[in-house]
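A.B. asks: First to last, the protein sequences are chains F and V.
Under the working numbering, the residues of the first sequence are numbered 3 to 313, in order.
Under the working numbering, the residues of the second sequence are numbered 3 to 313, in order.
Structure in structure tokens, see below.
2 protein chains.
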Amino acid sequence: VKNILSNSNRLLIIGSVAYDSIKTPFGHAKNALGGSASYFSLAARQFVRPSIVAVVGEDFKPRDLKTFQKFKVDISGLQKTKGKTFRWGGEYSFDLNSRTTIFTELNVFEGFYPLLSDSHQNSKYVFLGNIHPKLQKSVLSQIRQAKFVGLDTMNYWIERTLPELKAVLKLVNLLVINDSEARELSKEHNLYKAAKKILVMMKLNSFLIIKRGEHGLLMFHQNSIFNLPGYPLEDVVDPTGAGDSFAGGFMGYLAKSGNITFENLKRACVYGSVTASFCVEKMATIQLQKISLIGIKERYIKFKALTNLGA
Amino acid sequence: VKNILSNSNRLLIIGSVAYDSIKTPFGHAKNALGGSASYFSLAARQFVRPSIVAVVGEDFKPRDLKTFQKFKVDISGLQKTKGKTFRWGGEYSFDLNSRTTIFTELNVFEGFYPLLSDSHQNSKYVFLGNIHPKLQKSVLSQIRQAKFVGLDTMNYWIERTLPELKAVLKLVNLLVINDSEARELSKEHNLYKAAKKILVMMKLNSFLIIKRGEHGLLMFHQNSIFNLPGYPLEDVVDPTGAGDSFAGGFMGYLAKSGNITFENLKRACVYGSVTASFCVEKMATIQLQKISLIGIKERYIKFKALTNLGA
């Protein structure tokens, strides 16, 4: 195990492992394996062997541990503590564009304090899932020399812990947020103006990805912009985890290729979007567990044709 | 004049010429030259000499006739009849995503019955603006042998004159509608499913363009899909006429190049979008009157870079 972990592309995700209860117009799931670290790692496993740092309670099922092991996700950083696993319940509107949280039971996640093992401290690619910016910063301070650090956040932290969020923004290479979060963080409605302001909050030569749901994403870097549409899907069953699957596919491809140029980050965007396009076709993580790299590569080619303008 | 008109690329637009009163959060205009035929022809004039077939009232100002003449728009088909010119007043919301119609005075437009001159009957490229499907069909029956016919419509006709609309759909090469119209016409929420259904309503090997506002457009043809994002704009002042400018730039480029393959229609989409991106930067038709083909070509190149995925 140690040998596999000590490759230079090691990818670490800090986030949540949860039990989700989801209702969509097309299906439902109860206590399904969820949380950002679960979706991220099951997406990234197509490209590298990801390591997760997260916490679960005593009720965490051996079945779900086995799922991670089956897909060679390194769970040596998955702490088990007294109490219950984080639980979330949500319901989607008919058009899947809005969702209502039915309940959030933080449980053991409330006391989560990520302490990295010596091995994890050597990670080169790190993704800081959507947790308190203070914890994100504390994780970063434990990393010895990362090559590329990505960050997720949400409106909750923008509204409540803006100074802490701004402090961690200065330390990362990539911020991945959605359009409404970008507007709130920058206080600009126009996304191109918003992006300019946010890039200034980050360190020099950083990257910003603004996700626009079914409309795809925009990536900003210096004076360059890249626009990727949403992958054309006729049947979306469950949008849960789409963002985390995107991040997992994106960071997984990046870690595997070891190339952090803008051109290669564009490719990572496509791999991330394709991985997420599979995720939303079935409830919870079902499809992420099923798909293979061959299927992903097929959609990658279709995606290129979709936007190809030729000569 | 006759010589210029009798080239094989002649482009005809049937639509409205109106006086618009517009209020947006960033400006206002009173009795500004507007209507689908005005925006369309002032966009298309970058590529070809367009002909308009429309009606105005006795109050139509010589100043506005001169505008068309200045840009070499053929107005031999612009009827002047007793009564007042079509007037429309509208106001936009702060984010420009929704607008309220303050008033619609059809005036002379109510009795509009397009009768084509012998010269116009020989048009090769025809765009049927958003008028009653019966009138659209009557115009088509006057055209001798078109090479490519585009059609615009709106929810109003989908709801009130569906059989007539379906009859004209069978006769055209291209339908250009927005996402909500596509959903209403197909009774499908998912745009990819909607497109499949709509293509079946049209004749074989037709094209369908679904506009998604700031999110760009989707073009469908047989089993192919093309996705073009919105052109990145930081300052939109007035969205009025964006759809008609798109159609004008699109059909203008198509008529000029004389090539109706899917690959060339993709380029036409970019030219249409670029032309529309200029239109919305100033009130009414101000910017369409100012821009040159050089400016359009500059944005064309930027647009390609925006979506270019490289090798």
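All C-beta atoms in this analysis are idealised placements derived from N, C-alpha and C, irrespective of residue type, glycine included.
Quick one: which chain F residues come within Cβ less than 7 Å of V:Leu177?
C.D. replies: What you label residue 177 of chain V is simply residue 175 of the second sequence in a count that begins at 1. Under the 7 Å cutoff, chain F gives no residues; its nearest Cβ is about 19 Å from V:Leu177.
A.B. asks: Among V:Ser247, V:Gly312, V:Val239, V:Glu236, which one has its Cα closest to the Cα of V:Gln213?
C.D. replies: To locate residue 213 of chain V, count along the second sequence from 1; it is residue 211. According to the sequence shown, residue 213 of chain V is Lys rather than Gln. Checking every option, the nearest Cα to that of V:Lys213 belongs to V:Ser247.
A.B. asks: Comparing alpha-carbon positions, which option in F:Lys82, F:Gly85, F:Pro52, F:Leu164 lies nearest F:Asp76?
C.D. replies: Reading the first sequence from its first residue, position 74 is the one you call residue 76 of chain F. Of the listed residues, the one whose Cα sits closest to F:Asp76 is F:Pro52.
A.B. asks: I need the straight-line Cα distance from F:Thr26 to F:Leu117, nearest angstrom please.
C.D. replies: If you number the first sequence from 1, residue 26 of chain F lands on position 24. If you number the first sequence from 1, residue 117 of chain F lands on position 115. Those two C-alpha atoms are separated by around 36 Å.
A.B. asks: Taking 8 Å as the CB-CB cut-off, is V:Leu311 touching chain F?
C.D. replies: Within the second sequence, residue 311 of chain V is the residue found at index 309, counting from 1. Cβ-Cβ to chain F under 8 Å: yes for V:Leu311.
A.B. asks: Determine which residues share a DSSP beta bridge with F:Gly29 and list them.
C.D. replies: As a position in the first sequence, residue 29 of chain F is number 27, starting the count at 1. F:Gly29 is bridged to F:Thr26.
A.B. asks: Taking buried to mean at least 16 other C-beta atoms within 10 Å of its own C-beta, is F:Lys284 buried or exposed?
C.D. replies: Translated into the one-based positions of the first sequence, residue 284 of chain F becomes position 282. The residue is buried, with at least 16 neighbouring Cβ atoms inside 10 Å.
A.B. asks: Please report the residue range of the alpha helix (DSSP H) in which V:Met203 lies.
C.D. replies: Here residue 203 of chain V corresponds to residue number 201 of the second sequence, with the count starting at 1. It spans 193-203 - the alpha helix (DSSP H) in which V:Met203 sits, taken as one unbroken run.
A.B. asks: Can you name the residues that DSSP bridges to V:Tyr94?
C.D. replies: Locating residue 94 of chain V in the second sequence gives position 92, where the first residue counts as 1. Answer is V:Arg101.
A.B. asks: Within 10 angstroms of its Cβ, does V:Leu227 collect 16 or more other Cβ (buried), or is it exposed?
C.D. replies: The count along the second sequence starts at 1 and reaches residue 227 of chain V at position 225. The identity of residue 227 of chain V in the sequence shown is Ile, whereas the question assumes Leu. Answer is buried; the Cβ neighbour count reaches 16.
A.B. asks: With 16 other CB atoms within 10 Å as the buried threshold, where does F:Thr287 fall?
C.D. replies: Here residue 287 of chain F refers to the residue found at position 285 of the first sequence. The residue in question, F:Thr287, is buried, as its Cβ has 16 or more Cβ neighbours within 10 Å.
A.B. asks: Suppose the cutoff is 6 Å on Cβ atoms and the five residues either side in sequence are ignored; what does the same chain contact list for F:Asp154 look like?
C.D. replies: Here residue 154 of chain F corresponds to residue number 152 of the first sequence, with the count starting at 1. Here the set comprises Gly131, Asn132, Val178.
A.B. asks: For V:Met221, name the three-state secondary structure that DSSP assigns.
C.D. replies: Taking the first residue of the second sequence as 1, we reach residue 221 of chain V at position 219. Of the three classes helix, strand and coil, the one that applies to V:Met221 here is strand, per DSSP.
A.B. asks: Confirm, please, whether the CB-CB distance from V:Leu295 to V:Phe280 is below 8 Å.
C.D. replies: Here residue 280 of chain V corresponds to residue number 278 of the second sequence, with the count starting at 1. Here residue 295 of chain V corresponds to residue number 293 of the second sequence, with the count starting at 1. Not closer than 8 Å, so no.
A.B. asks: Rounded to a whole number of angstroms, what is the C-alpha to C-alpha distance between F:Met204 and V:Ala20?
C.D. replies: Start at 1 with the first residue of the first sequence, and residue 204 of chain F comes out as number 202. Start at 1 with the first residue of the second sequence, and residue 20 of chain V comes out as number 18. Going from the Cα of F:Met204 to the Cα of V:Ala20 covers about 49 Å.
A.B. asks: Could you check the C-alpha separation between V:Arg12 and V:Tyr158 for me, to the nearest Å?
C.D. replies: Position 10 of the second sequence, counted from the start, is the residue given in the question as residue 12 of chain V. Position 156 of the second sequence, counted from the start, is the residue given in the question as residue 158 of chain V. Cα to Cα, the separation comes out at about 30 Å.
A.B. asks: Let me see if you follow: with CB-CB separation under 8 Å, is F:Glu93 close to chain V or not?
C.D. replies: What you label residue 93 of chain F is simply residue 91 of the first sequence in a count that begins at 1. F:Glu93 does not count as touching chain V.
A.B. asks: Tell me which residues of the segment 189-201 of chain V have at least one Cβ-Cβ distance to chain F shorter than 7 Å, keeping chain order.
C.D. replies: Taking 7 Å as the Cβ-Cβ cut-off against chain F, the residues of the segment 189-201 of chain V that qualify are His191, Asn192, Tyr194, Lys195.
A.B. asks: Of the residues that make up the segment 225-238 of chain V, which ones have a beta carbon closer than 9 Å to any beta carbon in chain F?
C.D. replies: Correct list: Ser226, Ile227, Phe228, Asn229, Leu230, Pro231, Gly232, Pro234, Leu235, Glu236, Asp237, Val238.
A.B. asks: Is the segment 29-43 of chain V touching the segment 97-105 of chain V, taking contact as three or more C-beta pairs under 8 Å?
C.D. replies: Touching, no, given that fewer than three Cβ pairs across the two stretches are closer than 8 Å.
A.B. asks: Take F:Leu219 and list the residues in its own chain whose beta-carbon comes closer than 6 Å to its own, dropping the five residues that flank it on each side.
C.D. replies: Translated into the one-based positions of the first sequence, residue 219 of chain F becomes position 217. Result list for F:Leu219: Ile211, Lys213, Leu230, in chain order.
A.B. asks: Would you identify the three-state DSSP class for F:Leu13, choosing helix, strand or coil?
C.D. replies: Numbered from 1 along the first sequence, position 11 holds the residue referred to as residue 13 of chain F. Of the three classes helix, strand and coil, the one that applies to F:Leu13 here is strand, per DSSP.
A.B. asks: To which residues of the same chain is V:His223 closer than 6 Å at the C-beta, ignoring the five residues directly before and after it?
C.D. replies: The sequence position of residue 223 of chain V within the second sequence is 221, counting from 1. Excluding sequence neighbours, V:His223 sits near Phe209, Phe264.
A.B. asks: Any C-beta of chain V sitting closer than 8 Å to the C-beta of F:Glu265?
C.D. replies: As a first step, residue 265 of chain F must be located in the first sequence, where it is residue number 263. Judged by the 8 Å Cβ criterion, F:Glu265 is in contact with chain V.
A.B. asks: Distance, Cα to Cα, F:Lys82 vs F:Ile293?
C.D. replies: As a working mapping, residue 82 of chain F is identified with position 80 in the first sequence. As a working mapping, residue 293 of chain F is identified with position 291 in the first sequence. In a straight line, the C-alpha of F:Lys82 is about 29 Å away from that of F:Ile293.
A.B. asks: I need the boundaries of the alpha helix (DSSP H) containing V:Ser259, first residue and last residue.
C.D. replies: Residue numbering aside, residue 259 of chain V sits at position 257 when the second sequence is read from its first letter. Its alpha helix (DSSP H) spans residues 244-259.
A.B. asks: Based on the DSSP output, what are the partners of V:Val19 in its beta bridges?
C.D. replies: To locate residue 19 of chain V, count along the second sequence from 1; it is residue 17. Bridge partners of V:Val19: none, in fact.
A.B. asks: Can you tell which of F:Asp237, F:Val58, F:Val174, F:Val202 has the C-alpha that lies nearest to the C-alpha of F:Pro135?
C.D. replies: Translated into positions along the first sequence, residue 135 of chain F becomes position 133. It is F:Val174 whose Cα lies nearest to the Cα of F:Pro135.
A.B. asks: For V:Leu1, would you say it is in contact with chain F, using Cβ-to-Cβ distances shorter than 8 Å as the test?
C.D. replies: Because residue 1 of chain V is not part of the residues shown, which for chain V are 3 to 313, the question remains open.
A.B. asks: Give me the chain F residues within the contact set of V:Lys268, using Cβ-Cβ distance strictly less than 9 Å, ordered along the chain.
C.D. replies: Counting from one through the second sequence, the residue named residue 268 of chain V turns up at place 266. Within 9 Å Cβ-Cβ: Asn310, Leu311, Gly312.
A.B. asks: Tell me which same chain residues have a C-beta within less than 8 Å of the C-beta of F:Val276, skipping the five on either side of it?
C.D. replies: Indexing the first sequence from 1 puts residue 276 of chain F at position 274. Correct list, in chain order: Tyr233, Gly251, Ile298, Arg301, Tyr302, Phe305.
A.B. asks: Please report the straight-line C-alpha distance between F:His217 and V:Asp240, rounded to a whole angstrom.
C.D. replies: Residue 217 of chain F sits at position 215 when you count from the first residue of the first sequence. Residue 240 of chain V sits at position 238 when you count from the first residue of the second sequence. Their Cα atoms are separated by approximately 23 Å.
A.B. asks: Between the C-alpha atoms of F:Glu107 and F:Ala56, what's the straight-line distance to the nearest angstrom?
C.D. replies: For the purposes of this step, residue 107 of chain F is taken as residue 105 along the first sequence, with counting starting at 1. For the purposes of this step, residue 56 of chain F is taken as residue 54 along the first sequence, with counting starting at 1. If I take the Cα positions, the gap works out to 16 Å.
A.B. asks: Could you tell me whether any Cβ in chain V is nearer than 8 Å to the Cβ of F:Lys306?
C.D. replies: For the purposes of this step, residue 306 of chain F is taken as the residue at position 304 of the first sequence. By this cut-off, F:Lys306 is an interface position.
A.B. asks: State yes or no: is the beta carbon of F:Val272 nearer than 8 Å to at least one beta carbon in chain V?
C.D. replies: Translated into the one-based positions of the first sequence, residue 272 of chain F becomes position 270. Closer than 8 Å: yes.
A.B. asks: Using a C-beta cutoff of 8 Å, does V:His217 count as contacting chain F?
C.D. replies: Walking along the second sequence from the start, residue 217 of chain V turns up at place 215. Yes - at least one Cβ of chain F is within 8 Å of the one on V:His217.
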